[in-house]
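Worksheet: one structure, shown below.
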Amino acid sequence: MDTATPSRDPVERLSQLAADVESFSHDADDAFGAIAEALHLIADELGALRNPQ
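At position 50 of the sequence shown the residue is numbered 424 (our numbering), and the sequence of numbers has no breaks.
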């Protein structure tokens, strides 16, 4: 897990959380991988809402 100062940006925080959960999934069962994938999707959707193209 990253020990750097966490970002205040919710999309960046979700992305970092997803990356952290993803790193745990290599040591645990596939449930963590599914959670990480869901967090990545949520972060992507929030980012798209923030910056519509």
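C-beta atoms are modelled at their ideal positions from N, C-alpha and C, and glycine is treated no differently.
Bear in mind the structure is a predicted one, so any value in this text is a computation, not a measurement.
Output the boundary residues of the alpha helix (DSSP H) element that contains residue i.
{"i": "residue 317", "result": "Here the chain has residues from 375 to 427 only, and residue 317 is not among them."}
State the CB to CB distance for the pair residue i and residue j, rounded to an integer number of angstroms; the pair is presumed to be in contact (CB under 8 Å).
{"i": "residue 408", "j": "residue 392", "result": "At roughly 11 Å, the Cβ-Cβ gap does not stay under 8 Å, so residue 408 and residue 392 are not in contact."}
{"i": "residue 354", "j": "residue 385", "result": "Missing from the structure shown is residue 354; the chain here goes from 375 to 427 and no further."}
{"i": "residue 405", "j": "residue 396", "result": "Not quite, the Cβ-Cβ distance comes to about 12 Å (not below 8 Å), so this is no contact."}
Considering only the alpha carbon of each residue, which of the options lies closest to residue i?
{"i": "residue 413", "options": "383, 388 and 382", "result": "388"}
Is residue i close to chain B, meaning its C-beta is less than 9 Å from at least one C-beta of that chain?
{"i": "residue 422", "result": "Absent from the structure is chain B; it holds one protein chain and no more."}
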